[in-house]
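> The numbering used here numbers the first residue of the sequence shown as 24 and each following residue consecutively.
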Amino acid sequence: MKKKIVSVLLASAMALSLAACGAKDAADTAAEETAAVEEAATEAVEAAAEEVTEEAAENVEEVAEEASADLEGVMSYADYAAADLDTEVTVVTYVQAHQSWWDGKVTVYTQDADGAYFLYELPCSEEDAAKLTEGTKIKVTGFKSEWSGEVEITDSSFEFVEDGDTFVAEAVDLTDKLASEDLVDYQNQKVAFKGLTVVARESGNAVDYKYDNSGSHDENSDLYFDVQDADGNVYTFTVESYLCDNTTDVYAAVEALKAGDVIDCEGFLYWYEGANPHITSVTVE
24 MKKKIVSVLL
34 ASAMALSLAA
44 CGAKDAADTA
54 AEETAAVEEA
64 ATEAVEAAAE
74 EVTEEAAENV
84 EEVAEEASAD
94 LEGVMSYADY
104 AAADLDTEVT
114 VVTYVQAHQS
124 WWDGKVTVYT
134 QDADGAYFLY
144 ELPCSEEDAA
154 KLTEGTKIKV
164 TGFKSEWSGE
174 VEITDSSFEF
184 VEDGDTFVAE
194 AVDLTDKLAS
204 EDLVDYQNQK
214 VAFKGLTVVA
224 RESGNAVDYK
234 YDNSGSHDEN
244 SDLYFDVQDA
254 DGNVYTFTVE
264 SYLCDNTTDV
274 YAAVEALKAG
284 DVIDCEGFLY
294 WYEGANPHIT
304 SVTVE
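And the structure:
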């Protein structure tokens, strides 16, 4: 009887041992298969990543080549300033403001970090004129011209540069340079003048209305007013109605000026037989 019991126990132990070995073998096999799957997955991910990286590098190179081609022949502001009048110029610049669109043309005030460009009667559709918002980057080709001291780009064409880059200029305070010969170096830039005194014009008025600079007057004429600096020098400033018409705050503010008012103002340093800023804002102190 005892021998039988011992035999049964030995048989059970062997069965358990065999089951354990089988389970271990199965576990080892499963682990090996899992490791193989993980290795294959890792290799696939690395291969895909390498392919994406190569594609990205190719895309970057392609974009760089396109950008280089787009900028071919583009002048720096220094090159533009040094160019002779009546020669063809190409610049990349940023819209700061523009006059009203009319008859397929728009006049645009533009600037970059180094200087400013006045685009006179730039051929443009009305739809594209609406896209010439502050900060918009454009490439312009035309001819460097001059009229009554104002250096501008005329007979031009343009295209939008859609690379996400924008630039909005800060107004530079030129109050202390109004009487300086250096003032012309800032031509067409966004500028500020502070603490100037409004003086009566030859007509006796603080403000004169002119249309086409002819002396005639309508409800949306240009506004001309004279200001005096601390040294007694007098300058003529203008609200260009095509830029800031009679619905704007600056137009109303200038219409209300009186001789003796002390003002701060901002605008663009246009030139007509000397400095003749196109004013876009006025604050009476």
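C-beta: ideal position from N, C-alpha, C; glycine also.
Can you round the beta-carbon distance between residue 165 and residue 148 to whole angstroms, since I take them to be within the 8 Å contact cut?
The pair is not a contact, with the Cβ atoms about 17 Å apart (cut-off 8 Å).
> For residue 132, write down the residues that DSSP places opposite it in a beta bridge.
BP columns for residue 132 point to 120 and 141.
> Helix, strand or coil for residue 184? Go by DSSP, reduced to three states.
Reduced to three states, the DSSP call for residue 184 is coil.
> For the beta strand (DSSP E) containing residue 104, name the first residue and the last one.
First-last for residue 104: 100-105, but that is the alpha helix (DSSP H), not the beta strand (DSSP E).
> Reducing DSSP to helix, strand and coil, say where residue 17 ends up.
The requested residue 17 is not part of the displayed model; the chain covers only 24 to 308.
> Does chain B have any CB closer than 7 Å to the CB of residue 206?
Included in the structure is just one protein chain, with no chain B present.
> Report the option in 243, 266, 249 and 187 whose CA atom is closest to the CA atom of residue 258.
Among 243, 266, 249 and 187, the Cα nearest to that of residue 258 belongs to 249.
> How would you call residue 213, buried or exposed, if buried means at least 16 neighbouring beta carbons within 10 angstroms?
By the neighbour-count rule (16 or more Cβ atoms within 10 Å), residue 213 is buried.
> Within 10 angstroms of its Cβ, does residue 156 collect 16 or more other Cβ (buried), or is it exposed?
Looking at its Cβ environment, which holds fewer than 16 other Cβ atoms inside 10 Å, residue 156 is exposed.
> For residue 162, which residues in the same chain have their Cβ closer than 6 Å to its Cβ, ignoring the five residues on either side in sequence?
Cβ within range, chain order: 115, 182 and 184.
> If you count every other CB in all the chains shown that lies within 10 Å of the CB of residue 139, and 16 or more means buried, which is it?
With 16 or more other Cβ atoms within 10 Å, it is buried.
> Near residue 305, which residues of its chain fall below 7 Å by C-beta distance, leaving aside the five closest residues on each side in sequence?
Contacts found: 273, 276, 277, 286 and 288.
> Identify, in the order they occur along the chain, each residue of the same chain with its Cβ nearer than 8 Å to the Cβ of residue 169, setting aside the five sequence neighbours on each side.
Correct list, in chain order: 108 and 175.
> If contact is defined by three or more beta carbon pairs under 8 Å, each pair taking one atom from either stretch, is the stretch 213-229 in contact with the stretch 186-202?
The answer is yes - the stretch 213-229 touches the stretch 186-202, with three or more Cβ pairs under 8 Å.
> Answer yes or no: do residue 229 and residue 292 have a C-beta to C-beta separation smaller than 7 Å?
Taking 7 Å as the Cβ cut-off, residue 229 and residue 292 do not qualify as a contacting pair.
> With a 10 Å radius around its C-beta and 16 neighbouring C-beta atoms as the bar for buried, classify residue 205 as buried or exposed.
So residue 205 counts as exposed.
> Considering only the alpha carbon of each residue, which of 135, 221, 97 and 225 lies closest to residue 252?
When each option's Cα is compared against that of residue 252, the closest is 221.
> Are the CB atoms of residue 122 and residue 130 nearer to each other than 7 Å?
Contact flag set, yes.
> Run through DSSP, which three-state label would residue 246 get?
Three-state DSSP puts residue 246 in a strand.
> In three-state DSSP terms, what is residue 282?
Correct three-state label for residue 282: coil.
> For residue 274, does the three-state DSSP call read helix, strand or coil?
Of the three classes helix, strand and coil, the one that applies to residue 274 here is helix, per DSSP.
> Going along the chain, which residues of its own chain have a beta-carbon closer than 7 Å to the beta-carbon of residue 102, five neighbours each way excluded?
None.
> Need the endpoints of the beta strand (DSSP E) that residue 233 sits in, please.
Start and end: 230-233.
> Suppose you measure from the CA of residue 110 to the CA of residue 189; what does that come to, to the nearest Å?
Roughly 28 Å between the two C-alpha positions.
> Is it the case that the Cβ atoms of residue 269 and residue 243 are separated by a distance below 7 Å?
Yes.
> Under 7 Å, do residue 160 and residue 106 count as touching if we go by C-beta distance?
Against a cut-off of 7 Å, the Cβ pair of residue 106 and residue 160 comes out as no contact.
> With DSSP collapsed to three states, give me the class of residue 152.
It is helical.
> Which same chain residues, not among the five before or five after residue 29, have their C-beta less than 8 Å away from its C-beta?
Caution applies to residue 29, whose pLDDT of 39 falls short of 50 and renders its modelled position unreliable; the value that the coordinates give is listed next. There are no such residues.
> Pop quiz: residue 171 and residue 263 are said to be a contact at Cβ under 8 Å. What is the actual Cβ separation, rounded to whole angstroms?
Actually they are not in contact, since the Cβ atoms of residue 171 and residue 263 sit about 15 Å apart, beyond 8 Å.
> Please return the same chain residues whose Cβ sits closer than 8 Å to the Cβ of residue 144, not counting the five positions on each side in sequence.
Same-chain partners within the cutoff: 128, 129, 130 and 177.
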